[in-house]
Amino acid sequence: MPADGSTMVLPPDFLLEFKGINTYYGDLHALKNVNYEIVRGEIVCLLGGNACGKSTTMKTIMGVVRPATGTVIFDGKPIETLPTSERVRRGIAPVLEARRLFPRMSVYENLEMGAYTQKRGPQFNEDLERVYSLFPRVKERRAQLAGTLSGGEQQMVAIGRALMARPRLICMDEPSMGLSPLYVEQVFDIIQEINRQGTTIFMVEQNASMALSIAHRAYVLQTGMVVLSGTAAELRENEDIKQAYLGEMQVDATAKMSAA
Amino acid sequence: MTTGDLFLQQLINGLSLGSMYALLALGFTLVYGIMELINFSHFNVFMVGAMIAMLTLQWGFGLYGQDVVLTGLPLILSLGTAMLLSMVLCGGIGVSIERFLLRPLRQVKGPAAMITTIGVSYVLFNVILLTIGSDSKNFPNPLAPIAFHIGGAVLRLKEILIWVISLVLMGGLTYFVQYTKIGRAMRATAQDPEAARMMGVEVDRVVMMSFFLGSALAGACGMVFGLYYNLAKVDIGFAAGLRAFTAAVLGGIGNVPGAMLGGVLIGLIESLSGQVIGTAWSDVVIFGLLVLVLVFRPAGLLGRIAPNKS
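First to last, the sequence lines map onto chains G and P.
Using the numbering used here, you'd call the opening residue of the first sequence number 9 and step up by one each time.
Using the numbering used here, you'd call the opening residue of the second sequence number 184 and step up by one each time.
Next up, the structure:
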């Protein structure tokens with residue numbers, strides 16, 4: 009620490025940055041001057057209602073959608089013009105919304121697809137063992153067709169498939185969607201465990217209370233704009249967030265149901 | 184000939200026809216499985232394959248007609264070269280069609296790509312028409328005219344060769360699609376193109392591979408066709424191609440084993456119905472069957488109803 013007592017300012021170690029990203033679908037302005045900064049080793053979660061730009065964010069990271077303006081920086085280098093395959097090779101792996109396993113391939117083949125950009129060899133076997141030890145269930149089911157698994161099992165395979173790419177960043181789109189409460193808890197435990205083993209996690213999630221309980225920081229998106237950001241603890245205490253995403257959700261849902 | 188002999192004979196004929204239709208049907212199904220495109224240029228890629236094989240045998244090996252009989256190494260060398268050359272060149276034609284004519288249309292909605300394949304089909308037809316001509320060519324066949332008699336039925340050596348070639352190629356393709364990395368990527372892309380892309384699969388490579396494999400099989404099929412009928416002609420693509428396409432739909436378009444099954448079934452139906460009802464009616468039977476399949480089992484015998492992709 010310098011003599012004057014001020015802390016030394018190190019450049020923050022960002023793994024992923026969005027700088028002034030604007031994305032359009034035709035006339036629709038999906039992301040409006042969006043900035044994210046994800047630090048190596050964090051779990052960052054992205055909250056927001058329907059059609060707020062969460063999925064567009066994921067697609068922009070993976071390169072399925074190209075931003076009109078702005079820069080996406082991964083590990084210090086701009087990646088917004090790179091094809092998806094190159095991004096995967098550099099260490100970004102997705103856990104897709106609704107899991108999106110290859111239904112008529114075996115669980116093992118799905119894991120092989122996850123390692124598509126990796127070379128075969130001892131590394132592959134190591135990764136496979138890691139996935140099997142995280143998810144003993146996946147090992148049991150490895151010969152089964154992925155389409156015949158339950159939702160929770162499929163989510164485990166989907167996470168395992170992402171791990172097979174040796175990612176430094178995993179982008180998860182709604183990992184708890186359609187899962188029973190028991191599985192939701194299990195999935196979040198696993199996400200935390202994967203993070204502890206050193207993988208940075210950027211996660212879109214509807215289940216805000218669950219997400220904020222394991223995340224370090226969060227961003228709140230509304231109609232394509234970041235309206236709020238902070239540490240998970242701060243957001244958990246924020247009155248607006250409480251109203252919009254924590255607990256009040258159920259009230260909303262019942263209100264809609266009785267209206268319908 | 185007894186009825187049993189006739190039946191056996193038509194079974195032999197049907198299996199020969201069927202293995203050709205199966206080889207050709209695979210090209211339709213591979214491309215459709217990956218990009219949901221019916222590739223009508225496939226008809227005439229097959230025809231060009233027959234021409235390439237014929238010219239290789241004529242110019243490369245001095246074989247004309249069926250009089251010169253080769254055995255041993257010269258036989259394997261001549262037919263092997265003809266088939267390999269025809270497969271490689273047809274594969275190249277298929278890849279070029281995809282790369283230069285269809286890829287620019289990849290993002291275009293509607294039938295533009297399909298109509299382009301029809302256009303390419305006409306171009307291939309007319310190139311052969313102008314260079315080789317419209318008359319029926321005598322396809323060289325250096326195989327000894329050996330025939331085995333099974334009861335009253337006749338099994339010719341060339342039919343055995345056709346079966347062997349087809350089985351080897353279909354086995355090879357099945358292995359490729361099932362166990363190689365790019366084969367696995369092809370299956371993944373057929374099941375969920377976006378997810379496959381997110382695994383790092385380069386979709387362009389997968390599409391190109393499906394065109395290469397399908398067209399190479401069409402090239403091999405061209406040579407097999409020439410050997411079987413002792414002829415090559417500019418208009419052979421349409422009749423064989425339409426039957427092969429029917430076979431692909433019958434088996435479930437997009438489904439590799441389905442195309443093989445459909446091909447063999449169409450071959451058997453053609454020969455057996457020709458025997459029972461009359462050859463003049465075989466088209467009616469085959470395409471009537473296609474209509475029935477589309478009405479009662481639109482996804483084909485081994486196909487699945489795919490959810491609408493949006």
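For each residue, glycine too, the CB sits at the ideal point set by N, CA and C.
On a predicted model such as this, the values are computed, not experimentally measured, just so you know.
query = Which residues bound the beta strand (DSSP E) around G/S93?
reply = First-last for G/S93: T92 to R98, but that is the alpha helix (DSSP H), not the beta strand (DSSP E).
query = So, is the C-beta of P/D375 closer than 7 angstroms to a C-beta in chain G?
reply = yes
task = Would you identify the three-state DSSP class for P/Y412, choosing helix, strand or coil?
result = helix
task = Determine which residues of the region 121-140 of chain G have a Cβ less than 8 angstroms from any Cβ of chain P, and write them out in chain order.
result = For the region 121-140 of chain G, which is checked against every Cβ of chain P, the residues closer than 8 angstroms are M121, G122, Y124 and T125.
key: Own chain residues within Cβ distance below 7 angstroms of G/Q258, not counting five before or after   = The predicted model places G/Q258 with a pLDDT of 42, which falls under 50 and marks its position as unreliable; any figure quoted below should be read in that light. Cβ neighbours of G/Q258 beyond the five flanking positions: none.
request  = Provide the residue(s) that pair with G/N133 in DSSP beta bridges, ordered along the chain.
outcome  = The partner list for G/N133 (beta bridge, DSSP) is empty, contrary to what the question assumes.
query = Skipping 5 residues on each side, what residues in its chain have a beta carbon closer than 7 angstroms to that of P/L220?
reply = These residues qualify, in order along the chain: V214, A296 and M297.
Cβ pair G/Y124, P/M382 closer than 7 angstroms = yes
Unbroken stretches of the beta strand (DSSP E), 3 residues or longer, contained in the region 259-303 of chain P = For the region 259-303 of chain P, not a single whole beta strand (DSSP E) run of length 3 or above is found.
ask   = Taking the DSSP output, what are the residues bridged to P/A336?
value = P/I333
key: Cα-Cα separation between P/V476 and P/R487, rounded to whole angstroms   = 13 angstroms
key: Close Cβ partners of P/K320 (< 7 angstroms) along its chain, the five nearest in sequence each way excluded   = M237, L414, A415 and K416
task = Measure from the alpha carbon of G/I69 to the alpha carbon of each residue in G/I100, G/G122 and G/E137, then state which is nearest.
result = G/I100
message = Quick check on DSSP: helix, strand or coil for P/I419?
response = helix
ask   = Given a limit of 8 angstroms on CB to CB distance, which residues of the region 377-407 of chain P reach chain C?
value = Considering every chain present, this structure includes no chain C. Its protein chains are G and P.
request  = Could you say which of P/P328, P/F359 and P/I348 lies nearest to P/R339 if we only look at CA atoms?
outcome  = P/P328
key: Closer than 7 angstroms at the beta carbon, the chain G residues around P/G367   = Checking the sequence, you will find Arg at residue 367 of chain P rather than Gly. Under the 7 angstroms cutoff, chain G gives E117, E120 and M121.
message = Here's the rule I'm using: 16 or more other beta-carbon atoms within 10 Å means buried, otherwise exposed. How should G/S266 be labelled?
response = Confidence at G/S266 is low in this model, with a pLDDT of 41, below 50, so its placement is unreliable and the value that follows should be read with caution. G/S266 comes out exposed.
key: Between the CA atoms of G/R204 and G/L55 - distance to the nearest angstrom   = 22 angstroms
request  = Under 8 angstroms by Cβ, that's how I've got P/I333 and P/L191 pegged, so tell me the actual separation to the nearest angstrom.
outcome  = 6 angstroms
message = Please tell me whether G/G232 and G/A38 are closer than 7 angstroms, where the distance is taken between their beta carbons.
response = Yes; because the gap between Cβ atoms is below 7 angstroms, this pair is in contact.
ask   = In this structure, does DSSP put G/P102 in helix, strand or coil?
value = strand
ask   = CA-CA distance, P/A463 and P/L451?
value = 16 angstroms
task = State yes or no: is the C-beta of P/V310 nearer than 6 angstroms to some heavy atom of the ligand MN?
result = Although the ligand MN was asked about, the structure shown includes no ligands whatsoever.
request  = For P/F244, name the three-state secondary structure that DSSP assigns.
outcome  = helix
query = Going along chain P in order, which residues have a C-beta closer than 8 angstroms to the C-beta of G/T92?
reply = R380, M381 and G383
ask   = In terms of alpha-carbon separation, which member of G/C53, G/Q194, G/K40 and G/Y32 lies closest to G/C179?
value = G/C53
query = Mind checking P/V390: buried by the 16 CB within 10 Å criterion, or exposed?
reply = buried
Within chain P, partners of G/P102 - CB distance below 8 angstroms = M381
task = From the DSSP output, in three-state form, read off P/N324 for me.
result = Coil.
query = Any idea if P/D375 is buried or exposed, counting beta-carbon neighbours within 10 angstroms, 16 or more meaning buried?
reply = buried
task = With DSSP collapsed to three states, give me the class of P/L342.
result = Note that residue 342 of chain P corresponds to Glu in the displayed sequence, not to Leu. It is helical.
ask   = Looking at C-alpha atoms only, which residue of P/L267, P/I436 and P/F308 is the closest neighbour of P/T239?
value = P/L267
task = For G/M3, return the contacting residues in chain P, with the cut-off set at a CB-CB distance below 8 angstroms.
result = As shown, chain G starts at 9 and ends at 268. That puts residue 3 of chain G outside it, with no answer to give.
task = Note down the Cα distance separating P/N309 from P/F394, rounded to an integer number of angstroms.
result = Each residue's Cα considered, the two are about 22 angstroms apart.
Closer than 7 angstroms to chain P by CB, G/F210 = Not closer than 7 angstroms to any Cβ of chain P, the Cβ of G/F210 fails to qualify, so no.
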